Amino acid sequence: MVSLFSVVLTFIAIILIPGLFISRRLSVPFSIRNILRFIKLAASQNDDEEERNEKRGTMGEKEKRGGLPKHVAIILDGNRRWAQKQGLGTSDGHKAGARRVIENAKDCFAMGINTVSLFAFSTENWARPEVDEVNGLMSLFEENFRSELPFFQRRLSVPFSIRNILRFIKLAASQNDGEEERNEKRGTMGEKEKRGGLPKHVAIILDGNRRWAQKRGVGTSDGHKAGARRVIENAKDCFAMGINTVSLFAFSTENWARPEVDEVNGLMSLFEENFRSELPFFQRDKIKISVIGNRTKIPQSLLSLIRETEEATKSYEGKHLILAIDYSGKFDILQACKSLAEKAKNGVIQVEDIDESVIDKELMTNCSEFPNPDLLIRTSGEQRISNFFLWQSAYTELYFPNILWPDFGEAEYLQALTWYQQRQRRFGRRV
Numbered sequence: 001m002v003s004l005f006s007v008v009l010t011f012i013a014i015i016l017i018p019g020l021f022i023s024r025r026l027s028v029p030f031s032i033r034n035i036l037r038f039i040k041l042a043a044s045q046n047d048d049e050e051e052r053n054e055k056r057g058t059m060g061e062k063e064k065r066g067g068l069p070k071h072v073a074i075i076l077d078g079n080r081r082w083a084q085k086q087g088l089g090t091s092d093g094h095k096a097g098a099r100r101v102i103e104n105a106k107d108c109f110a111m112g113i114n115t116v117s118l119f120a121f122s123t124e125n126w127a128r129p130e131v132d133e134v135n136g137l138m139s140l141f142e143e144n145f146r147s148e149l150p151f152f153q154r155r156l157s158v159p160f161s162i163r164n165i166l167r168f169i170k171l172a173a174s175q176n177d178g179e180e181e182r183n184e185k186r187g188t189m190g191e192k193e194k195r196g197g198l199p200k201h202v203a204i205i206l207d208g209n210r211r212w213a214q215k216r217g218v219g220t221s222d223g224h225k226a227g228a229r230r231v232i233e234n235a236k237d238c239f240a241m242g243i244n245t246v247s248l249f250a251f252s253t254e255n256w257a258r259p260e261v262d263e264v265n266g267l268m269s270l271f272e273e274n275f276r277s278e279l280p281f282f283q284r285d286k287i288k289i290s291v292i293g294n295r296t297k298i299p300q301s302l303l304s305l306i307r308e309t310e311e312a313t314k315s316y317e318g319k320h321l322i323l324a325i326d327y328s329g330k331f332d333i334l335q336a337c338k339s340l341a342e343k344a345k346n347g348v349i350q351v352e353d354i355d356e357s358v359i360d361k362e363l364m365t366n367c368s369e370f371p372n373p374d375l376l377i378r379t380s381g382e383q384r385i386s387n388f389f390l391w392q393s394a395y396t397e398l399y400f401p402n403i404l405w406p407d408f409g410e411a412e413y414l415q416a417l418t419w420y421q422q423r424q425r426r427f428g429r430r431v
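For what it's worth, the UniProt record's numbering labels the leading residue of the sequence shown as 1, then goes sequentially.
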């Protein structure tokens with residue numbers, strides 16, 4: 001643990017040594033309180049492992065706290081808007097972005113992060129109408145590969161130092177930007193945004209049943225039952241609003257590994273109960289039901305009900321409810337690859353004919369008129385997609401409300417749709 005004496009010495013060093021540098025480089029004021037906060041953050045990184053473990057323990061018995069990530073991936077976006085805001089040419093924006101790439105890499109490796117992936121140029125970028133800009137980017141890549149090779153060849157093992165603390169001070173200063181500047185940023189981005197209508201396909205990761213139950217002091221099974229009721233209510237809301245396809249991630253392949261066997265068996269029974277009780281609703285409202293996933297582990301009684309429901313609703317159009325049970329995005333892609341490999345082996349398809357559209361047809365979502373979701377919602381505040389629709393969500397808008405699934409009602413759903421309509425969907429291109 002960093003002693004009070006060392007913190008004081010560090011503070012003096014920061015104030016006396018880099019003061020001139022800071023006053024010259026930073027055009028916004030910053031407070032001593034912010035500096036102290038970031039010094040404390042810097043100092044805390046030197047805590048010994050025992051204290052870190054103790055901190056993790058106090059954060060909650062069931063929460064698993066991690067250290068630094070081993071692999072950080074970044075989508076580099078905003079060079080053009082940065083240049084426009086500064087009154088500069090687009091090429092200047094890209095050059096500034098290239099400099100940031102190197103600075104970012106140095107920061108990451110200095111902190112002990114092992115791998116950094118940067119999405120610098122997408123396949124869709126070739127379709128940009130500004131040919132000079134694309135050519136300029138290629139030249140910039142060449143220039144940077146050439147100039148930065150010495151940096152790549154050096155090993156970076158920079159310890160946490162005054163230089164790193166200065167970076168935190170700079171961050172503290174930047175947090176005091178005025179509301180006027182933030183409003184200006186919002187205004188600049190808003191002028192060219194294209195607002196969308198309702199999504200055709202909404203996918204939802206149902207998360208939070210257990211926490212909902214714990215919060216109310218009831219059993220886990222009660223949480224799952226409340227979540228099941230919400231499924232039907234949500235489907236009614238979606239179709240009433242004119243949304244064509246709704247996909248619900250109800251049970252992942254990884255869920256089989258839960259230690260609570262009774263909970264898993266209870267979920268299978270709950271699925272059976274709902275397929276049986278809701279079939280009249282599906283037929284009355286002419287909702288097509290499809291179940292996707294690996295069916296090999298699903299109990300035979302539930303599998304029979306799934307087949308019966310799919311058969312009874314297969315002719316319906318306009319409303320499609322897809323339930324993902326024992327689903328894995330990786331498995332979905334794997335089974336598509338195996339299917340195509342078998343077809344290529346038997347001469348049904350030529351390897352050179354395989355493209356994205358061919359793969360689309362082999363995925364489990366080929367049951368839908370709109371296989372790729374426009375909007376993916378994960379309830380409970382968790383911000384990951386957990387092996388759901390990995391291929392299909394390439395250009396999906398992701399929404400993470402801090403609301404547990406059983407509480408995700410009509411008002412919350414409308415809020416999600418309002419957020420979606422404010423998004424600028426570019427599908428990897430500038431539109």
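Just so it is clear, CB atoms sit at the ideal spot from N, CA and C, and this is done for glycine as well. Small disclaimer: the values here were computed from a predicted structure and weren't measured.
Query: On the three-state DSSP scale, how would you describe residue 382?; Result: coil
Query: Residue 140 and residue 94: beta carbons closer than 7 angstroms?; Result: yes
Query: When we look at the beta-carbon of residue 223 and count the other beta-carbons within 10 Å, is it buried (16 or more) or exposed?; Result: buried
Query: What do you reckon, are the CB atoms on residue 207 and residue 91 nearer than 7 angstroms?; Result: no
Query: So, using beta-carbon positions, are residue 288 and residue 313 closer together than 7 angstroms?; Result: yes
Query: When we look at the beta-carbon of residue 276 and count the other beta-carbons within 10 Å, is it buried (16 or more) or exposed?; Result: exposed
Query: For the candidate residues 204, 233, 295, 105, whose alpha-carbon lies nearest to that of residue 389?; Result: 204
Query: Who does residue 201 pair with in a DSSP beta bridge?; Result: 245
Query: When the cut-off is 7 angstroms and only beta carbons count, does residue 240 lie next to chain D?; Result: Structure shown: chain D not included; a single protein chain is present.
Query: Looking at the structure shown, is residue 263 part of a helix, part of a strand, or coil, going by DSSP?; Result: helix
Query: Does DSSP put residue 348 in a helix, in a strand, or in coil?; Result: coil
Query: Can we count residue 364 as close to the ligand FAD, meaning its CB is less than 6 angstroms from some heavy atom?; Result: As for the ligand FAD, it is missing from this structure, which has no ligand bound.
Query: So the alpha helix (DSSP H) residue 218 belongs to, where does it begin and stop?; Result: Taken as a continuous stretch (DSSP letters only), residue 218 belongs to no alpha helix (DSSP H), as it is neither H nor E.
Query: List the whole-angstrom C-beta distance separating residue 243 from residue 199, where the pair is believed to meet the contact cut-off of C-beta under 8 angstroms.; Result: 6 angstroms
Query: Under the rule that 16 or more other beta-carbon atoms within 10 Å means buried, what is residue 68, buried or exposed?; Result: exposed
Query: Can you name the start and end residues of the beta strand (DSSP E) that residue 117 belongs to?; Result: 115–119
Query: When you compare each of 323, 213, 400 to residue 245 by their alpha carbons, which one comes out closest?; Result: 323
Query: Does DSSP put residue 132 in a helix, in a strand, or in coil?; Result: helix
Query: Based on Cα-Cα distance, which residue from 134, 103, 74 lies nearest to residue 80?; Result: 134
Query: Give me the residue from 271, 318, 372 with the minimum Cα distance to residue 240.; Result: 318
Query: So, at 6 angstroms on beta carbons, what are the nonlocal neighbours of residue 365 in its own chain, with the 5 sequence-adjacent residues on each side left out?; Result: 371, 392
Query: Would residue 274 and residue 326 be called neighbours here (beta carbons separated by less than 7 angstroms)?; Result: no
Query: How would you write the range of the alpha helix (DSSP H) that residue 85 sits in, first residue to last?; Result: 79–86
Query: Nearest by alpha-carbon distance to residue 290: which of 297, 296, 282 is it?; Result: 282
Query: Which of the three DSSP states, helix, strand or coil, is assigned to residue 316?; Result: coil
Query: When the distance is taken between beta carbons, is residue 328 closer than 7 angstroms to residue 387?; Result: yes
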